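Heads up: the structure comes next, in structure tokens.
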Ligand code: URA
């Protein structure tokens with residue numbers, strides 16, 4: 239057979255620009271070019287914008303995901319016979335579910351190969367939270383990752399240089415070319431990384447609302463359907479829960495503060511909203527792992543792992559295995575602490591009608607808890623704790639939040655944002671359920 243003529247970047251860009259569908263070869267040529275330099279950054283940027291404007295069919299999205307997944311090392315874990323299931327969240331405010339769910343699922347018998355990301359913009363990242371534990375190392379080599387999974391059934395690691403290099407490049411370009419909020423691109427970015435980490439199945443927490451990437455339920459549904467379809471096409475059963483992210487999850491936002499709240503959850507003292515989402519996602523992992531046949535049995539198994547202290551012990555072992563100080567579990571003073579605490583108190587009595595997740599996130603950012611760019615430094619000690627939750631009855635003067643402050647420069651702004659986040663009403667509000675839909 240004569241060899242097909244070479245595809246030039248401009249031909250591929252033109253095709254998508256004019257609304258055409260890219261075939262598998264064109265997509266593979268692009269992704270190869272992203273990694274080996276055959277596509278200049280300006281050409282990838284143009285193609286990203288064409289995809290943003292014109293979209294991609296499910297077939298194109300599947301080819302893109304697969305090409306990205308194969309752009310680097312694809313980890314397989316044949317030596318581990320336990321079912322390997324991970325969870326991925328599209329990100330939110332106070333979303334520390336991974337820190338609780340990882341040990342919980344592992345204690346329930348699931349092997350959890352969890353490769354997480356850093357926070358960007360207003361959302362926090364699991365890796366940054368873990369790094370607030372003194373000594374905790376997220377930069378595991380593939381060999382260390384493998385050995386730890388075999389020994390503990392849980393590894394909480396960052397993406398190695400060899401895993402999906404195409405995403406690292408494309409994500410950085412998307413970030414500066416206004417092409418992040420695009421379902422096929424988000425879907426391929428997330429799923430290529432998850433499929434390369436060695437999982438058998440995947441649970442997704444697709445968030446919608448003020449504090450999420452997807453602002454509306456229909457948008458989140460579209461993203462969830464696309465990701466579930468890709469997982470299935472790649473023979474990795476995938477289930478998504480659509481969960482509301484209008485209000486912060488739990489009562490703490492900030493790295494060390496979220497570690498403390500996660501440990502409290504593992505000790506059985508977690509806030510109801512955070513535990514509801516965590517237990518539901520972990521239950522799905524147990525079902526996908528085929529450790530139980532019914533949701534009821536799966537929930538019981540997860541609850542036992544929590545109540546027996548096995549999940550807390552698993553977190554302690556994982557911290558120790560990754561070089562962290564396991565004594566933080568019993569002594570929170572070993573975690574970074576802010577110099578000053580500023581309290582915000584209610585100026586009227588009634589019920590907390592609403593807590594604006596975005597205002598809380600921005601308040602945390604002003605205190606230094608987030609980063610605007612990947613290379614920015616974050617302060618692990620700062621943030622907000624003791625957030626009063628929607629539906630709570632309060633008296634005039636009751637505590638609404640504690641701000642943990644190291645740098646006073648933006649304190650006035652942070653305080654104003656936190657105060658503005660709370661709406662108080664005379665009547666008890668009716669709160670919509672947090673978990674809205676399941677897509678499987
Ligand atoms: N998280 C990712 O890893 N990629 C995206 O595109 C969006 C969120």
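Residue numbers (my numbering): 239 to 678.
For each residue, glycine too, the CB sits at the ideal point set by N, CA and C.
Here the structure is a predicted model, which is why all the values come from computation and not from measurement.
Whole-angstrom distance between residue j and residue i, CA atom to CA atom
{"i": "residue 503", "j": "residue 650", "result": "31 Å"}
{"i": "residue 369", "j": "residue 276", "result": "36 Å"}
{"i": "residue 410", "j": "residue 631", "result": "45 Å"}
{"i": "residue 463", "j": "residue 633", "result": "44 Å"}
{"i": "residue 626", "j": "residue 660", "result": "9 Å"}
{"i": "residue 474", "j": "residue 351", "result": "14 Å"}
{"i": "residue 445", "j": "residue 454", "result": "9 Å"}
{"i": "residue 293", "j": "residue 468", "result": "16 Å"}
{"i": "residue 399", "j": "residue 407", "result": "11 Å"}
{"i": "residue 583", "j": "residue 451", "result": "30 Å"}
{"i": "residue 675", "j": "residue 488", "result": "20 Å"}
{"i": "residue 574", "j": "residue 653", "result": "21 Å"}
{"i": "residue 393", "j": "residue 535", "result": "25 Å"}
{"i": "residue 515", "j": "residue 246", "result": "47 Å"}
{"i": "residue 371", "j": "residue 563", "result": "7 Å"}
{"i": "residue 498", "j": "residue 264", "result": "48 Å"}
Residues near residue i in its chain [Cβ-Cβ closer than 8 Å; skip 5 each side]
{"i": "residue 644", "result": "576, 577, 578, 605, 606, 617, 619 and 620"}
{"i": "residue 533", "result": "521 and 525"}
{"i": "residue 288", "result": "251, 254 and 255"}
{"i": "residue 379", "result": "398"}
Cβ-Cβ distance between residue i and residue j below 9 Å
{"i": "residue 329", "j": "residue 303", "result": "no"}
{"i": "residue 483", "j": "residue 333", "result": "yes"}
{"i": "residue 481", "j": "residue 286", "result": "no"}
{"i": "residue 387", "j": "residue 432", "result": "no"}
{"i": "residue 622", "j": "residue 640", "result": "yes"}
{"i": "residue 550", "j": "residue 501", "result": "yes"}
{"i": "residue 395", "j": "residue 437", "result": "no"}
{"i": "residue 401", "j": "residue 435", "result": "yes"}
Same chain, Cβ closer than 7 Å to residue i, neighbours up to 5 away in sequence not counted
{"i": "residue 325", "result": "336, 339, 441, 443, 519 and 523"}
{"i": "residue 506", "result": "544 and 545"}
{"i": "residue 269", "result": "305, 306, 309 and 404"}
{"i": "residue 384", "result": "315"}
{"i": "residue 317", "result": "388"}
Of the listed residues the options, nearest to residue i (C-alpha basis)
{"i": "residue 555", "options": "545, 567 and 546", "result": "567"}
{"i": "residue 669", "options": "382, 593, 653 and 557", "result": "593"}
{"i": "residue 478", "options": "521, 663 and 590", "result": "521"}
{"i": "residue 414", "options": "564, 267, 243 and 280", "result": "280"}
{"i": "residue 666", "options": "613, 589, 495 and 392", "result": "589"}
{"i": "residue 663", "options": "587, 647 and 373", "result": "587"}
{"i": "residue 188", "options": "319, 401, 564 and 311", "result": "Here the chain covers residues 239 to 678 and nothing more, so residue 188 does not appear."}
{"i": "residue 461", "options": "243, 372, 241 and 678", "result": "678"}
{"i": "residue 422", "options": "298, 271, 359 and 655", "result": "298"}
{"i": "residue 671", "options": "510, 527, 264 and 548", "result": "510"}
Chain-order list of residues whose beta-carbon lies under 6 Å from that of residue i (same chain, five-residue window excluded)
{"i": "residue 356", "result": "363, 365 and 366"}
{"i": "residue 476", "result": "440, 466 and 469"}
{"i": "residue 537", "result": "521"}
Beta-bridge pairing of residue i - partner residues as DSSP gives them
{"i": "residue 589", "result": "631 and 663"}
{"i": "residue 446", "result": "452 and 482"}
{"i": "residue 640", "result": "581 and 623"}
{"i": "residue 648", "result": "Residue 648 pairs with nothing; no bridge assigned."}
{"i": "residue 425", "result": "BP columns for residue 425 are empty, so no partner."}
{"i": "residue 677", "result": "478"}
{"i": "residue 352", "result": "394"}
Residue i at chain C interface by Cβ criterion, 9 Å
{"i": "residue 269", "result": "The chain inventory of the structure shown lacks chain C, comprising one protein chain alone."}
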